[in-house]
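Protein chains in written order, with the numbering used here: chain A, 31 to 742; chain B, 11 to 161. Below you'll find the structure, written out as structure tokens, and then a few comments.
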């Protein structure tokens, strides 16, 4: 058969183990290395224990700031009884064992790392711990009950003898893996459920500049590329003249790639400056005559037409006919860039039939496969290295792989490894935006002020259609159009909700909290209007419209922490509430806003969160703060507008984002309901839009339905 | 042009084109990658370093402006105040994606060198040029307030 003992063991394991997904299949190269004893045993794909007792956790999930590395590691380390401060993290290779629950690919998105992998990580830690205990008992020829483990070592409680995990690791190579390892009782956990700072190895790397992001990859003979991209969406290159650029210092090559014109240079700044010295004849195409006003007109026309049905139940028409009163509104939300702090980049070294690539990506398998396809080689021939991500927010999960493709085409058939780095202007102007939306909604109220019917129409480019998450586009309706709208938590019996999916050459993409960025301001805005119409306190009104006890409890919690009933009435100061269920979690927020002349300042946000169970409460708090500050940007400032087919914005001077002077005081309360674990990375974003708009209404008596809010 | 620059105690001789910003001299010529590129137009602060003890945006600073002034970056291991700021950042659990934090920390260090006990208003005014898309601002404020820069 030619199977080594280890491979055989793995195969057996695969056939019998309950955590097939957890186990490592050695590649040929690795097996070869292994036979030379060059690499340490990997009990599975997630834990590597070296003979010197260095314990490394291999991370299939991308760390983009959301705290996944620390939370995944806590889940393993607690069950493994690993020495927390001494563990190390390493991004994994691209392997099926790391695949997401959404399909045969790796993916860090939808706030799913903990909700889908926490238990698996615990089981893996517990299984390896059980094996190490058994190995120690055998070494000491004692009963298993005499062995305890702590801080990466086994202790014989009878004799006090100690063995490190590293010393035991060779013994467990021949051991079968327990299928149902016993997990710790939560009360015995030292990490899981306890507020835990970001792992010191990651935190210290990030405060000393040693953390390696994609842009920091360095290697011998590395060259750099910048890309001249079309300004008008959908335009094409007719011809170009690189001669002036080629005369400049350090310029090695200028080549046309599908994304534009790549300039390869010794240093990146040389490449970037040379872009100004290439003359291009563009075929600007039909979109060159289009501006935001034209898109709004197109969307408005669509709003008047019947669309694809997102939800229809009861008899909405009848309810509106019989309504005591009706509230209706139109909403406009602009295109939004993600603008992660690290400009997009990818480094590729094409070496004939093989290649290596380095980038910070949310979709490792997809990007590796894209690279292979472009180079015409096998996916397994691409060695993919995922670095830390300098922010993601969805942008580093670009469905069209734009920044990856640029890098691969640039490096294709070149002798050097090449880092292709986008400018901030590329990042702001190249699309992959949260779509622009123009929506309408109306609710019917009976004479008691209860909402009896809810109608809405959403017009916006689809996000998931034709992507790896295409299964979420169904019956002409996109996930980003309905998520948070058709499944709103309120007890309303009649619905008629529709959507339209216009298209344009502007690529649209998921943006932190995806559909909720447009559904939360509608749902929580119109419910707030209904409360006002009914003459009922906005929290009391929501509670009266809810059946879901979890939602009610969370509103009660945010009411408590904000001391809602005693909120201080001041001139020009308002308080607004919002409750949003997203990614399996619930977040309720109360915002206190001060309105001045043509401006407003969010002074304080009280935020209650129920994510089922907070694996790392400190990180839950950090993500609430993060989501609120992130969401304030499009509430107050951010928008991409189109003029003559181009984005009008360029950089942080005209695409404005939240700064420290905008950051409100934030108080977070975590409610551990004991329900299924939900997501945390995106869930604080959606409620902040309506909470602020509702607070501005409370202060001024004026409803703002569109974002960003421009006080008039 | 060949110029000598002193970075974190080490003197380097670099040959670069005129008008190459300090950021790219550090990152691509000297491979000192701790200093980050964020916007290239002095709008985000990710590239902040200290020149002669003062915080500057290295993406908009040129070698002829530096002269013989010493450059301090996030990679400095000897400055006691920088060490305190880094410790406070870890203690307050500030970094999320972490990309902007080199610039945040250098800007805070520059602020504290000039003003060892800043008020909240002074912190906000001085730190307002540094963008963090993860929104770690609340933790940054707490961290700076906790640093005893005088001791």
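The beta carbon of each residue, even a glycine, is placed where N, CA and C say it ideally should be.
Outcome for residue i when other beta-carbon atoms lying within 10 angstroms are tallied against a minimum of 16
{"i": "residue 293 (chain A)", "result": "buried"}
{"i": "residue 103 (chain B)", "result": "buried"}
{"i": "residue 311 (chain A)", "result": "exposed"}
{"i": "residue 501 (chain A)", "result": "exposed"}
{"i": "residue 478 (chain A)", "result": "exposed"}
{"i": "residue 209 (chain A)", "result": "exposed"}
{"i": "residue 253 (chain A)", "result": "buried"}
{"i": "residue 347 (chain A)", "result": "exposed"}
{"i": "residue 669 (chain A)", "result": "buried"}
{"i": "residue 579 (chain A)", "result": "exposed"}
{"i": "residue 75 (chain A)", "result": "buried"}
{"i": "residue 569 (chain A)", "result": "buried"}
{"i": "residue 309 (chain A)", "result": "exposed"}
{"i": "residue 156 (chain A)", "result": "buried"}
{"i": "residue 145 (chain A)", "result": "buried"}
{"i": "residue 249 (chain A)", "result": "exposed"}
{"i": "residue 24 (chain A)", "result": "Since the first residue shown for chain A is 31 and the last is 742, residue 24 (chain A) is missing from the structure and cannot be characterised."}
{"i": "residue 53 (chain A)", "result": "Here the model assigns residue 53 (chain A) a pLDDT of 37, short of 50, so the residue's position is not dependable, and the following value carries that caveat. Buried, by the Cβ-count rule."}
Min CB distance residue i to chain A below 8 Å
{"i": "residue 146 (chain B)", "result": "yes"}
{"i": "residue 124 (chain B)", "result": "no"}
{"i": "residue 18 (chain B)", "result": "no"}
{"i": "residue 83 (chain B)", "result": "yes"}
{"i": "residue 67 (chain B)", "result": "no"}
{"i": "residue 24 (chain B)", "result": "no"}
{"i": "residue 157 (chain B)", "result": "no"}
{"i": "residue 129 (chain B)", "result": "no"}
Contact with chain B by residue i, beta-carbon distance below 8 Å
{"i": "residue 697 (chain A)", "result": "no"}
{"i": "residue 738 (chain A)", "result": "no"}
{"i": "residue 527 (chain A)", "result": "no"}
{"i": "residue 733 (chain A)", "result": "no"}
{"i": "residue 234 (chain A)", "result": "yes"}
{"i": "residue 230 (chain A)", "result": "yes"}
{"i": "residue 237 (chain A)", "result": "yes"}
{"i": "residue 438 (chain A)", "result": "no"}
{"i": "residue 660 (chain A)", "result": "yes"}
{"i": "residue 227 (chain A)", "result": "yes"}
Sheet register partners of residue i (DSSP bridge)
{"i": "residue 365 (chain A)", "result": "A:670"}
{"i": "residue 637 (chain A)", "result": "A:619, A:698"}
{"i": "residue 373 (chain A)", "result": "Answer is none; residue 373 (chain A) lacks a bridge partner."}
{"i": "residue 487 (chain A)", "result": "A:470, A:528"}
{"i": "residue 146 (chain A)", "result": "None, per the DSSP bridge assignment."}
{"i": "residue 379 (chain A)", "result": "A:386"}
{"i": "residue 415 (chain A)", "result": "A:388"}
{"i": "residue 626 (chain A)", "result": "A:629"}
{"i": "residue 117 (chain B)", "result": "In DSSP, residue 117 (chain B) forms no bridge with anything."}
Residues that residue i contacts on chain B, provided the C-beta gap is smaller than 9 Å
{"i": "residue 454 (chain A)", "result": "47, 48, 49, 50, 51, 53, 54"}
{"i": "residue 795 (chain A)", "result": "Outside the displayed range of chain A (31 to 742) lies residue 795 (chain A), so it cannot be described from this structure."}
Contact list for residue i against chain B, beta-carbon separation under 7 Å
{"i": "residue 691 (chain A)", "result": "134, 138"}
{"i": "residue 243 (chain A)", "result": "109"}
Beta-carbon neighbours of residue i, restricted to chain A and to distances below 9 Å
{"i": "residue 27 (chain B)", "result": "278, 279, 280, 297, 299, 300, 303"}
{"i": "residue 44 (chain B)", "result": "238, 239, 240, 241, 246"}
Amino acids of chain A, ordered along the chain, whose beta-carbon sits closer than 8 Å to that of residue i
{"i": "residue 41 (chain B)", "result": "248"}
{"i": "residue 150 (chain B)", "result": "690"}
{"i": "residue 115 (chain B)", "result": "237"}
{"i": "residue 38 (chain B)", "result": "254, 297, 298, 299"}
{"i": "residue 76 (chain B)", "result": "None at all; the shortest Cβ gap to chain A is about 17 Å."}
Where residue i meets chain B, residues with beta-carbon distance less than 8 Å
{"i": "residue 605 (chain A)", "result": "Result: empty, since nearest Cβ-Cβ is about 20 Å, beyond 8 Å."}
{"i": "residue 687 (chain A)", "result": "141, 143"}
Within chain A, the residues that residue i reaches when beta carbons sit closer than 7 Å
{"i": "residue 30 (chain B)", "result": "299"}
Residue i beta carbon near the ligand COA (any heavy atom closer than 7 Å)
{"i": "residue 342 (chain A)", "result": "No copy of the ligand COA appears in this structure; indeed no ligand is present at all."}
Interface residues of the segment 625 to 657 of chain A facing chain B [CB-CB below 7 Å]: 648, 652, 655, 656
Residues of the segment 88 to 113 of chain B with Cβ closer than 7 Å to any Cβ of chain A, in chain order: 96, 99, 100, 103, 105, 106, 107, 108, 109, 110, 111, 112
Residues within the segment 359 to 382 of chain A neighbouring chain B, beta-carbon criterion of under 9 Å: 368, 369, 370, 371, 372, 373
Residues of the segment 92 to 125 of chain A with Cβ closer than 9 Å to any Cβ of chain B, in chain order: Shown in chain order are the members of the segment 92 to 125 of chain A whose Cβ falls below 9 Å from a Cβ of chain B: 93, 94, 95, 96, 97.
Interface positions of the segment 394 to 422 of chain A facing chain B (Cβ-Cβ less than 9 Å), listed along the chain: Going along the segment 394 to 422 of chain A in chain order, one finds 418, 419, 420, 421, 422 with a Cβ nearer than 9 Å to chain B.
Residues in the segment 249 to 261 of chain A having any Cβ partner in chain B nearer than 8 Å: 254
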